[in-house]
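K.L.:
Chains as they are written, first to last, in the UniProt record's numbering: chain A, 1 to 110; chain B, 1 to 110.
Glycine residues also receive a C-beta, built at the ideal position from the N, C-alpha and C atoms.
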DNA sequence: TTCATTAATCGTATTATTGCAATAAACAAA
DNA sequence: TTTGTTTATTGCAATAATACGATTAATGAA
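#1: Note the first and the last residue of the continuous beta strand (DSSP E) segment covering residue 73 of chain B.
#2: Hey, quick one: how far does the beta strand (DSSP E) through residue 79 of chain A stretch, first residue to last?
#3: Does the beta carbon of residue 77 of chain B sit closer than 9 Å to a beta carbon anywhere in chain A?
#4: What does residue 13 of chain A touch in chain B if you count any residue whose Cβ is under 9 Å from its own?
#5: Just to confirm my understanding: we take residue 16 of chain B, look at its own chain, exclude 5 residues before and 5 after, and list those with CB closer than 7 Å. What are they?
#6: Pick out whichever of B:7, B:51, B:46 and B:90 has its Cα sitting closest to the Cα of residue 82 of chain B.
#7: Nearest-angstrom Cα distance between residue 102 of chain B and residue 33 of chain A?
#8: Going by the beta-carbon positions, is the gap between residue 31 of chain A and residue 60 of chain A smaller than 9 Å?
#9: Once you ignore the five residues that flank residue 79 of chain A on each side, which residues in its own chain have a CB closer than 8 Å to its CB?
#10: Please classify residue 50 of chain B: is it buried, with 16 or more other beta-carbons within 10 angstroms of its beta-carbon, or exposed?
#11: Assign residue 53 of chain A to buried or exposed, taking buried as 16 or more other Cβ atoms, counted over all protein chains shown, within 10 Å of its Cβ.
#12: Going by C-alpha distance, which of B:5, B:76, B:9 and B:70 is nearest residue 87 of chain B?
#13: Starting from the C-beta of residue 20 of chain B, find all residues in its chain whose C-beta is less than 8 Å away, skip the five residues before and the five after it, and write them out in chain order.
#14: Quick check on the burial criterion: 16 or more other C-beta atoms within 10 angstroms. Buried or exposed for residue 84 of chain A?
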């Protein structure tokens with residue numbers, strides 16, 4: 001049915017899945033890495049940096065912004081994006097808790 | 001077009017996206033958390049634990065197995081799954097590098 | 001062998017995602 | 001105001017993902 005049954009999972013599980021989903025496309029990974037690398041803010045030259053069309057990049061930026069991982073500032077005709085540090089840390093906490101589950105306890109397969 | 005243009009990104013970026021994508025559904029998050037919690041191995045009672053139909057769970061398990069994050073052992077008529085520790089650590093390294101990019105360097109928005 | 005149990009696979013309906021051309025919107029400069 | 005520049009939005013085509021009924025495959029028990 002193509003529709004994830006979110007209501008049968010915990011808020012935490014859904015939150016992890018939402019963050020993970022936004023990282024689930026290399027273009028968005030690339031955008032974020034670039035925003036980290038260029039530590040001054042970056043405008044739509046992401047379109048040149050990455051090889052995708054302008055509407056495509058704009059759409060990916062929208063998703064990242066919607067989740068709160070980046071924020072954008074209008075500067076004349078262009079828009080300047082950067083990592084939202086506060087929310088990035090919140091996301092990192094949630095994801096790390098999931099990734100760092102204690103593996104030493106777990107026994108090997110039967 | 002519904003088709004991610006993976007060829008224009010680095011192997012690392014695609015790898016991050018692939019791992020993230022598999023975490024991008026709460027059912028798979030839930031399966032993994034359960035396999036961590038029940039530190040002895042777990043069979044298809046994941047179907048009871050989570051509320052999805054047997055073919056659906058089987059499909060999610062297949063994706064997790066395909067990425068190497070879990071492994072399955074046949075035990076009579078049932079199959080016992082567990083976390084693949086070695087690959088989990090590899091995944092964790094790749095994801096952590098991405099999540100732990102130095103945020104202190106980054107300036108705020110313009 | 002026959003029957004029951006469990007899991008995988010197949011087929012298919014439905015929704016989601018991706019990508020971009022075309023267009024609109026916002027703004028600066030002339 | 002008009003013109004050019006930049007970004008967002010719209011609309012649409014194509015592929016991917018989700019879910020599950022029906023079926024098959026594999027195994028153990030009777």
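P.N.:
So, from the listed chains and residues:
#1: Numbered from 1 along the second chain, position 73 holds the residue referred to as residue 73 of chain B. That run of the beta strand (DSSP E) goes 70-75.
#2: As a working mapping, residue 79 of chain A is identified with position 79 in the first chain. Counting along the chain, the beta strand (DSSP E) containing residue 79 of chain A begins and ends at 78-83.
#3: Here residue 77 of chain B refers to the residue found at position 77 of the second chain. Chain A contact via Cβ: absent.
#4: Here residue 13 of chain A refers to the residue found at position 13 when the first chain is read from its first residue. Going along chain B in sequence order, the residues near residue 13 of chain A (Cβ under 9 Å) are 26, 27, 29, 30 and 33.
#5: By one-based count along the second chain, residue 16 of chain B stands at place 16. So the qualifying residues of the chain are 94, 95 and 98.
#6: The residue given as residue 82 of chain B occupies position 82 in the second chain. Of the listed residues, the one whose Cα sits closest to residue 82 of chain B is B:46.
#7: Residue 102 of chain B sits at position 102 when you count from the first residue of the second chain. Residue 33 of chain A sits at position 33 when you count from the first residue of the first chain. Approximately 11 Å between the Cα atoms of the pair.
#8: Residue numbering aside, residue 31 of chain A sits at position 31 when the first chain is read from its first letter. Residue numbering aside, residue 60 of chain A sits at position 60 when the first chain is read from its first letter. Yes, the pair counts as a contact, with Cβ atoms nearer than the cut-off.
#9: Here residue 79 of chain A corresponds to residue number 79 of the first chain, with the count starting at 1. Excluding positions up to five away in sequence, the list reads 43, 44, 72 and 73.
#10: As a position in the second chain, residue 50 of chain B is number 50, starting the count at 1. Burial call: buried.
#11: Here residue 53 of chain A is taken as the residue at index 53 of the first chain, counted from 1. Exposed is the call here.
#12: Within the second chain, residue 87 of chain B is the residue found at index 87, counting from 1. Cα-wise, what sits closest to residue 87 of chain B is B:70.
#13: Within the second chain, numbered from 1, the residue matching residue 20 of chain B stands at position 20. Result list for residue 20 of chain B: 95, in chain order.
#14: Counting from one through the first chain, the residue named residue 84 of chain A turns up at place 84. So residue 84 of chain A counts as buried.
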